[in-house]
Structures are given as structure tokens and as C-alpha cells.
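Trainee: Take a look at this one; I'll ask things after.
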Amino acid sequence: MNKLILTFAVGSLLLYSCGNSTNEKLNNQTEVAEQNDHYHDDESEAIELNNGEKWQVDANMLTHIRNMENDVVYFDKVSQKDYKLLAEKLQSNIDLLTSNCTMKGKAHDELHKWLLPYIDMVKELSEAKDETEASQQFKNIQNSYITFNQYFQ
């Protein structure tokens, strides 16, 4: 239940921040959450292709996504695993990504279907209680990039 509430809260904030680039992003958060209540009721909603083609992600946003992907690829190769540090790096890029959201329309909606579960995975990585749990979350994050690359460019 807490995960669902967190997903909803983050999703609502993301939707609002993507549509509003002023400093008013944090104002009226409850009101925005109520307006977007219908949007993320099904957090496992399947991502769709764009008439059989990958969706185009805006270049400024794609930069942050690729930075995170590169961090994940590099992390997989190092012998000393600092999962907390990785989670911090990923969260920093998530913050940059969401604050620079310029996408609109169906491509934006489809990206959010990938991004919201990804944000949850990073949060769960940061909160992992032991290395086994962190390792599993890391694998989930790796797999999320397989999904991303199937649907977006």
C-alpha cells in the first residue's frame, strides 16, 4: 500500500512538473494529485510503441536517462559494490530529468509508464536492508533499461 501511495505521489508530482516549468511546481500538490488520480491507477500499464516504432525522447531528457544507464552499466563491472552511492547518483539524475521535462502528448505518457516504476526501483535500491536485496533491485534496474530501449530512442 505504501508503494502505491508513493508511486501515486511521485507520479502526480512528475505530471505536474512536466507540464509546469515555473517555481510553482510544489504549490497545490494535493490539488494536482486529485486532478491526476485517474492517470496512474494501473501502475503496471503496458508501454505501447508508436505505430510499431520507438518513441522519440527529447534530447535534454535522454541525456539524463543515458547518464543513468551508463552508471548502471559501469556499476555492473566494478568489484566493490556501493549500492547506496549508485542509488544517490541515479536519484540525482532522476531529479534532473523530471525538472527538465519538456515532452508532451502520447510520447510523454508512454515515457511515464517506464519512468514511474523505475523511480520506485531506485527508491527501493536506496532503502535496501542488505546486499541481497540491493543486488535484486539492481537487477530490476538493469532490466528496466532493456524495456526502455525496446520502446524509446
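When you line the sequence shown up against our numbering, it's residues -2 to 150, in that order. Just so it is clear, CB atoms sit at the ideal spot from N, CA and C, and this is done for glycine as well.
1. According to the neighbour-count rule (16 or more other Cβ atoms, all chains shown, within 10 Å of its Cβ), is Leu91 buried or exposed?
2. Which value, in whole angstroms, describes the spacing of the CA atoms of Phe145 and Trp111?
3. Going by DSSP, what residue range makes up the alpha helix (DSSP H) through Phe149?
4. Measuring straight from C-alpha to C-alpha, what distance separates Leu113 and Thr95?
5. Consult DSSP for Glu45 and reduce its assignment to one of helix, strand or coil.
6. Start and end of the alpha helix (DSSP H) containing Val69?
7. Just reading off the alpha helix (DSSP H) that Met118 is part of, what are its end residues?
8. Using the Cβ count rule (16 or more neighbours within 10 Å means buried), how would you classify Gln150?
9. Taking the C-alpha atoms as reference points, what is the distance between Asn140 and Lys74?
10. Comparing C-alpha positions only, which one of Asn57, Met58 and Ala84 sits nearest to Asn137?
11. Would you give the residue range spanned by the alpha helix (DSSP H) that Gln88 belongs to?
12. When the distance is taken between beta carbons, is Glu45 closer than 7 Å to Tyr142?
13. Quick one: residues in its chain with C-beta nearer than 7 Å to the C-beta of Ala159, no 5 flanking neighbours on either side, listed in chain order?
Mentor: Let me spell this out:
1. The residue given as residue 91 occupies position 94 in the sequence shown. In the sequence under discussion, the amino acid at residue 91 is Ile, which differs from the Leu named in the question. That one is buried.
2. Here residue 145 refers to the residue found at position 148 of the sequence shown. Here residue 111 refers to the residue found at position 114 of the sequence shown. Rounded to whole angstroms, Phe145 to Trp111 spans 7 Å at the Cα level.
3. For this step, residue 149 is matched to residue 152 along the sequence shown. Element bounds for Phe149: n/a, residue is neither H nor E.
4. Within the sequence shown, numbered from 1, the residue matching residue 113 stands at position 116. Within the sequence shown, numbered from 1, the residue matching residue 95 stands at position 98. Taking the straight line joining both Cα atoms gives about 11 Å.
5. The sequence position of residue 45 within the sequence shown is 48, counting from 1. Coil at Glu45, not helix or strand.
6. Translated into positions along the sequence shown, residue 69 becomes position 72. Ala56 to Lys74 is the extent of the alpha helix (DSSP H) around Val69.
7. Along the sequence shown, one-based indexing puts residue 118 at 121. From DSSP, the alpha helix (DSSP H) with Met118 extends over Gly102 to Ser123.
8. For the purposes of this step, residue 150 is identified with residue 153 of the sequence shown, where counting begins at 1. By the 10 Å Cβ count, Gln150 comes out exposed.
9. Here residue 140 refers to the residue found at position 143 when the sequence shown is read from its first residue. Here residue 74 refers to the residue found at position 77 when the sequence shown is read from its first residue. Approximately 16 Å, taken between the alpha carbons.
10. To locate residue 137, count along the sequence shown from 1; it is residue 140. Nearest C-alpha to Asn137: Ala84.
11. Here residue 88 is taken as the residue at index 91 of the sequence shown, counted from 1. Per DSSP, Gln88 belongs to the alpha helix (DSSP H) from Tyr80 to Ser96.
12. Counting from one through the sequence shown, the residue named residue 142 turns up at place 145. Counting from one through the sequence shown, the residue named residue 45 turns up at place 48. Not in contact: Tyr142 and Glu45 (Cβ atoms no closer than 7 Å).
13. Residue numbering for the chain in the displayed model covers -2 to 150; residue 159 lies beyond these limits and cannot be assessed.
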